[in-house]
Amino acid sequence: MSNTLSPLEDIKLKSRHLRGTIEDGLANPLTGAISDDDTKLLKFHGSYMQDDRDIRDERRRQKLEPAYAFMIRARLPGGVVTPQQWLAFDDIARTYASRGLRITTRQTFQWHGIIKRRLKATMQDINKTMATTIAACGDINRQVVCSVNPLLSNQHALVQKWAQALSDHFIPRTRAYHEIWLDGEKITDEPEHEPIYGDTYLPRKFKIGIALPPFNDIDVFAQDLGLIAIIEKGVLQGFNVTIGGGMGATHGDPSTYPRLGSLIGFVPPEQVIAVAEAVVTLQRDYGNRVERQHARLKYTIDSKGLDWFAEQIEARSGITLQALRPYHFEHNGDRYGWHQGEDGQWHLGLYIDAGRLWDTEESQLQTGVREIAKILKGEFRMTCNQNLVIANVHAQDRNTIDSLVHDYGLDGYKSYSGIRRFSIACVALPTCGLAMAESERYAPVLLPKLESMLDRHGLLHEPIVLRISGCPNGCSRPYLGEIALVGRAIGRYDLRLGADFTGERLNTLYRENMDEVGILEALDTLFEKWASERESDEKFGDFLIRQGTLAAPSQQLIPIVLDRNATHMPRVVARS
Ligand code: SRM
Ligand code: SF4
């Protein structure tokens, strides 16, 4: 095997801290694109160059360059957005983008379809809202996610603070972003210094998330660094730490795989940044910079060994990881409808189809949320299931919000099936350059068919975690779906089954490369069995494992339900 560094390492090294020739590329009027090298650097600024795949072939036939346009992703730690920001983001979508606002599986916004000559103005308008897009993508720590728990508003505030602190701590120091997008002055010719990342940043993307039990709405075990908040009597005690979660895989390459994070110990709040920095810098120093498909933290840990990695974290941070604390997750979905927080304020959870808020001839969802933003005195919180919480509402304002929710058709959560309420679909076609199959556009086609089958078996309102992805990269975290469709080609998917309802067990491959007819037939048979043979309240994924349809899961967490004072409590939880 060659030891030559991945070409991207050279691009990063020579980029002068993420500048490259992006400015020249933006100024070139002869093409809607920028250079290939600059597209790699642009990701660190929160933007991807894409082209409209629906018209790619037609443009090729007409000998035109692809219809290039840019996707921009915001960095909004914990997914919290003020009404003023919402209105500005909505304006940006209407002025510059082509597909409305898109809530992502990491609780932030994406705008699609921005053409090159409007990219800078869009970035500037985003920055005017006191938000940024820096490091929303690229080989760097990205959007830090945080549970959105409407019942525990005080506790949410406690952990949200740490999501913000971690996000701030890992922001790159380069002034390139200011210079390119905000016309910031070049302050000095002295070389810049990235104290955490160094000149070549990380070998690959890095993701941090904080879960607030009993909800695992962020899928904490899919994060490179996951933190499970332990709160006792209203006081944040600290976090159980998990490392090495990740979803991405490649069809037909068993050396790539989804992996659940491994629990390595507990840290009090004041030590969490030092421990996080140790994890990030270990990955910086030991991550694979030769093969990008093996560059995520999960592979670093599996090649070096979990115990070794945990020891290195302690050595680097000077902190001894403590024994894990007990915790319990109920599910990895969202809560819908109105809930009153501990402080008496109200929170309304709304289901949004694949996170897309876009006015069409049939619905005015984007305008609906805009109208709510105009009168909201609280804030919005986006969830990692692509949904929206209207948070911190006074009791007297509930009726007005309810009327708007009803008038604009945002009240689907009241009647939707169990499977729809727990479904996620990644973006895929037409914008995603890596999509092999439809996902966001396929969900509305598939869901009614599944619902009619479930209804026939008396299961319409049973919650089932459904994840659809247009390729094995796993942006909808499909390996944590009780049912998952992973795209292989147009109209064909791998059918994976058997994750649990809490995001603590990976699913397994059930049937490969299936068309819709095959998928529906297979599921119909299994739904029938589940309806007649399930133990009371047994979830679909658990049923398939117990009853032997699926082999034992490849990776499952050992439940941490131990006596807090016991001396034998494990620090590192080993799993097969
Ligand atoms: Fe993702 C790449 C969309 C969450 C794993 N992801 C992409 C790109 C940028 C395609 C590309 O590289 O050209 C997609 C852009 C599509 C488009 O047109 O907008 C894309 N990913 C998304 C979003 C928008 C999906 C969604 O429907 O919401 C999510 C944006 C998150 C955010 O706001 O930051 C999104 N991506 C995820 C997640 C879920 C998560 O983080 O919780 C994962 C799995 C977790 C993980 O990282 O392991 C994920 N995306 C990937 C991968 C595979 C990484 C790997 O380790 O192999 C790629 C491909 C890559 O990096 O090479 C990818
Ligand atoms: Fe694109 Fe694949 Fe991610 Fe879906 S899972 S958005 S198809 S990269």
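Position one of the sequence shown corresponds to residue 1 (the numbering used here), numbered consecutively onward.
Cβ coordinates follow ideal geometry from the N, Cα and C atoms, glycine included.
Contact test: residue i Cβ vs the ligand PLP heavy atom, cutoff 7 Å
| i | result |
| --- | --- |
| Asn473 | In terms of ligand content, the structure shown lacks the ligand PLP and carries the ligand SRM and the ligand SF4 instead. |
Straight-line Cα distance separating residue j from residue i
| i | j | result |
| --- | --- | --- |
| Phe329 | Pro191 | 47 Å |
| Asp307 | Glu314 | 11 Å |
| Asp52 | Lys43 | 18 Å |
| Pro83 | Leu404 | 15 Å |
| Gln312 | Leu282 | 8 Å |
| Glu438 | Cys475 | 13 Å |
| Lys205 | Leu151 | 32 Å |
| Ser317 | Leu297 | 18 Å |
| Pro268 | Ile231 | 11 Å |
| Arg477 | Asp139 | 19 Å |
| Asp219 | Asn28 | 42 Å |
| Ala323 | Gly248 | 30 Å |
| Leu485 | Asp183 | 44 Å |
| Ile11 | Tyr68 | 22 Å |
| Ser6 | Asp302 | 20 Å |
| Lys120 | Ile126 | 10 Å |
| Tyr479 | Ala425 | 13 Å |
| Glu516 | Gly409 | 29 Å |
| His394 | Gly337 | 15 Å |
| Ser415 | Thr242 | 36 Å |
N-terminal and C-terminal residue of the alpha helix (DSSP H) that residue i is part of
| i | result |
| --- | --- |
| Met382 | Note, Met382: premise wrong, no alpha helix (DSSP H); beta strand (DSSP E) at 379–382. |
| Ala276 | 272–286 |
| Ala67 | Note, Ala67: premise wrong, no alpha helix (DSSP H); not H, not E. |
| Ile140 | Counting along the chain, Ile140 falls outside any alpha helix (DSSP H), and DSSP gives it neither H nor E. |
| Leu236 | It is not in any alpha helix (DSSP H) - Leu236 instead sits in the beta strand (DSSP E) that spans 235–243. |
| Thr95 | 83–96 |
| Leu365 | 365–375 |
| Phe44 | 36–44 |
| Ser317 | 306–317 |
| Gly252 | Premise fails: Gly252 is in no alpha helix (DSSP H) and is neither H nor E. |
| Ala165 | 153–169 |
| Leu410 | It is not in any alpha helix (DSSP H) - Leu410 carries neither H nor E in the DSSP assignment. |
| Ala176 | 176–181 |
| Gln124 | 119–128 |
| Ile545 | 540–546 |
| Ala443 | 443–456 |
Exposed unless 16 or more other CB atoms sit within 10 angstroms - verdict on residue i
| i | result |
| --- | --- |
| Ile375 | exposed |
| Leu523 | buried |
| His156 | buried |
| His347 | buried |
| His568 | Here His568 scores only 36 on pLDDT, less than 50, and its place in the model is too uncertain to base an answer on. |
| Leu13 | exposed |
| Glu462 | buried |
| Asn154 | exposed |
| Ser73 | Strictly speaking, residue 73 in this sequence is Arg, with Ser absent from that position. By the 10 Å Cβ count, Arg73 comes out buried. |
| Ile490 | exposed |
| Pro213 | buried |
| Gln50 | buried |
| Val235 | exposed |
| Pro254 | exposed |
| Thr132 | buried |
| Met514 | buried |
| Met130 | exposed |
| Ala551 | exposed |
| Glu440 | buried |
Run of the beta strand (DSSP E) containing residue i, from where it starts to where it stops
| i | result |
| --- | --- |
| Arg580 | With the chain represented from 1 up to 576, any question about residue 580 goes unanswered, as that position is not in the structure. |
| Val486 | 483–489 |
| Tyr48 | 47–51 |
| Asn399 | Not the beta strand (DSSP E): Asn399 falls in the alpha helix (DSSP H), residues 398–407. |
| Asn513 | 508–514 |
| Val393 | 388–393 |
| Arg102 | 101–103 |
| Arg467 | 466–469 |
CB-CB length for residue i against residue j, believed under 8 Å
| i | j | result |
| --- | --- | --- |
| Val272 | Gly209 | Rounded, the Cβ-Cβ distance is 13 Å, inconsistent with contact. |
| Gln107 | Thr383 | 6 Å |
| Glu194 | His45 | Wrong, their Cβ atoms sit about 15 Å apart, outside the cutoff. |
| Met123 | Trp86 | At roughly 18 Å, the Cβ-Cβ gap does not stay under 8 Å, so Met123 and Trp86 are not in contact. |
| Asp334 | Asp455 | With a Cβ gap of about 23 Å, Asp334 and Asp455 do not count as contacting. |
| Glu504 | Phe221 | 6 Å |
| Ile103 | Ile134 | Going by Cβ atoms, the distance from Ile103 to Ile134 rounds to 20 Å, so no, they are not a contact pair. |
Beta carbon proximity, residue i to chain D, threshold 8 Å
| i | result |
| --- | --- |
| Gly503 | Here chain D cannot be found, since the structure has a single protein chain. |
(message) Could you check whether the region 396–403 touches the region 159–171, counting it as contact only if at least three pairs of C-beta atoms, one from each stretch, sit closer than 8 Å?
(response) no
(message) Does the contact criterion of 3 or more C-beta pairs under 8 Å hold for the region 87–95 versus the region 358–378?
(response) The region 87–95, when compared against the region 358–378, does touch it at the 8 Å Cβ threshold.
(request) Decide yes or no for the touch test of the region 438–450 against the region 414–425: beta carbon pairs closer than 8 Å, at least 3 of them. (result) yes
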